[in-house]
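Since the structure comes first, as structure tokens, the remarks are kept for the end.
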Amino acid sequence: MYKIQSTDTLKEIMGSYFRSLESGKKKIAWCTSVGPAELLRSFGFEVYFPENHGALLGATRSAMDYIPEAVKCGYSGHVCSYTTADIGSYLKKETPLITHYGLSGHPKPDLIAYNTNQCREVQDWFQFFATEFSCPIVGIQPPRHLDEVTDDEVALVVKQFQQMIPVCEKVSGQKFDLDSFKEVVKLSKEATLLWQKVLKTSTQKIAPISFFDGTIHMGPIVVLRGTQLAKDYYTQLLKELETNIIEQKGFLPEAKIRIFWEGMPIWGKLRMFSDLFSLNNTAVVASTYCSSWVFDKFDENDPWNSTARAYTEIFINRSEKAKMQMLSDWFKEFSIDGIIYHDSKTCFNNSNAKFGMPQRLKEITGVPSLVIEGDLCDLRFFSEGQSITKIETFLEQIEENKYSVNG
Ligand code: SF4
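All residue numbers for the sequence shown refer to this note's numbering, where the first residue is 60 and numbers rise by one.
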């Protein structure tokens, strides 16, 4: 049975991160998952990410207990189920943070910051809590869906980042310190480059980390980037995976098909999918989702421009043209045989199968695609039986085509 041994360390550091949110030692800033966490950390904030909590509610399948609470308050059951599950969990005063990590409840924010680089939903979501806690809120609204991100657009985002400074100074009680910001950006860059190397280990024929493993091991790059802890964790994980490559150990050594996962994970069904693909001798080796926390443009010598650029250039914030180029490059790099698009009911922003991109991308790359319908947290939008049938048929077709081409 293949096991990534670093998982034990992962559990320890994630546990200590969550407990630190209630230690009272630091002020707490809430931030979107691809928001300016480095700037917040440079003011000494501990940073809490409600999307990570949304994923926890999805993975523990408790989201469906909470979504109706948000719906009662006027939030549509068809908008982001991270948002509705998180708000509902707060209203019900229940969270896995209590049961799994011993917290007394949802961490209380001193400051809330969001970045609409991923979607505008985060603005409504975070505003709910700013009102609820009478808490200062700052927002970054970068240009969206760009082919290329130019210096003009970067300058606009830098200006918005810098407008956060007076609020951060007031709430934290600390003056902005450029050296501290540079140091956090440096640590964040080092961790993100290690995370990128971790993901690239699965370009190997015997891949040591699957997409499903990646959704677990990405925890520190989401919630702890900009800290020594994240850097140390990915140093350890990378070392283990590189050793596994040398020893020819992987999660599915005899994989016949290599798949790319596009879109959000279906958090409550990760194990089911992982087993399904293994049973079908298929390795899911790469994804847009796990790659979303690779910010390889970070540069501590140019902290403002580099962070503004990295956070504006993310996959979700790009045009179809840019997305197709990125996907084509990943297909080649990871030797992909097929792509599965998760068309998520409540996340329009991270679903790329609604406007014909799968067909256009197939014309360019020749890589076959399948669209499955589901949701990140709300399993009422997911049909397990139908999805299994679609996936197994898709994999059979890929194998038949490979056989007819190669045989
Ligand atoms: S990107 Fe999708 S899942 Fe994430 S916060 Fe926005 S709507 Fe929700």
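Just so you know, even glycine gets a beta-carbon here, dropped at the ideal spot from N, CA and C.
Residue i, enclosing alpha helix (DSSP H) - first and last residue
i    : result
I304 : 287 to 305
A342 : Taken as a continuous stretch (DSSP letters only), A342 belongs to no alpha helix (DSSP H), being part of the beta strand (DSSP E) at 341 to 346.
W254 : 237 to 259
I157 : 155 to 160
V197 : It is not in any alpha helix (DSSP H) - V197 instead sits in the beta strand (DSSP E) that spans 196 to 199.
W389 : 379 to 392
W363 : 362 to 371
C178 : Run containing C178: none; DSSP gives neither H nor E here.
K229 : 224 to 231
I275 : 270 to 276
R330 : 329 to 338
L98  : 96 to 101
Exposure label - residue i; buried when at least 16 CB within 10 Å
i    : result
L459 : The identity of residue 459 in the sequence shown is Glu, whereas the question assumes Leu. Counting Cβ neighbours within 10 Å, E459 comes out exposed, since fewer than 16 surround it.
T209 : exposed
L237 : exposed
H165 : buried
A214 : exposed
C132 : exposed
R439 : exposed
I268 : buried
G94  : buried
N339 : buried
D206 : exposed
G327 : buried
D402 : buried
M60  : exposed
P279 : buried
Residue i CB to nearest heavy atom of ligand 1 below 7 Å
i    : result
L116 : no
T274 : no
Y141 : yes
E180 : yes
L435 : yes
Q177 : yes
M323 : yes
C349 : no
C406 : yes
N409 : yes
E313 : no
E110 : yes
Run of the beta strand (DSSP E) containing residue i, from where it starts to where it stops
i    : result
A88  : 87 to 90
N134 : The amino acid occupying residue 134 in the given sequence is Tyr; Asn does not appear at that position. Here Y134 belongs to no beta strand (DSSP E), and DSSP marks it neither H nor E.
F440 : Segment: none, F440 is in no beta strand (DSSP E) and carries neither H nor E.
V208 : It is not in any beta strand (DSSP E) - V208 carries neither H nor E in the DSSP assignment.
Y76  : It is not in any beta strand (DSSP E) - Y76 instead sits in the alpha helix (DSSP H) that spans 66 to 79.
Those residues which DSSP pairs with residue i across a bridge
i    : result
Y107 : W89
I398 : F319, S428
G433 : S403
L170 : A88
* **Stretch pair the region 389 to 396 + the region 219 to 229: three plus CB contacts closer than 8 Å** => no
* **Cβ pair count under 8 Å reaching 3, the region 430 to 445 against the region 351 to 369** => Too few Cβ pairs lie closer than 8 Å, so no.
* Asked: For the region 286 to 293 against the region 250 to 258, are there 3 or more C-beta pairs whose distance is under 8 Å?
  -> yes
* Asked: Between the region 356 to 374 and the region 154 to 163, are three or more C-beta pairs nearer than 8 Å?
  -> no
* Does the region 112 to 131 come close enough to the region 442 to 450 to have 3 or more Cβ pairs within less than 8 Å? -> no
* Touching by the beta-carbon criterion (3+ pairs, under 8 Å), the region 171 to 181 and the region 360 to 377 -> yes
* To do: Pair every Cβ in the region 381 to 390 with every Cβ in the region 274 to 291, then say whether three or more of these pairs are closer than 8 Å.
  => no
* Contact the region 360 to 370 vs the region 303 to 323: 3+ CB pairs below 8 Å -> Because the criterion of three Cβ pairs below 8 Å is not met, the region 360 to 370 and the region 303 to 323 do not touch.
* **the region 109 to 119 in contact with the region 135 to 149 per 3-pair CB rule at 8 Å** => The region 109 to 119 vs the region 135 to 149: in contact.
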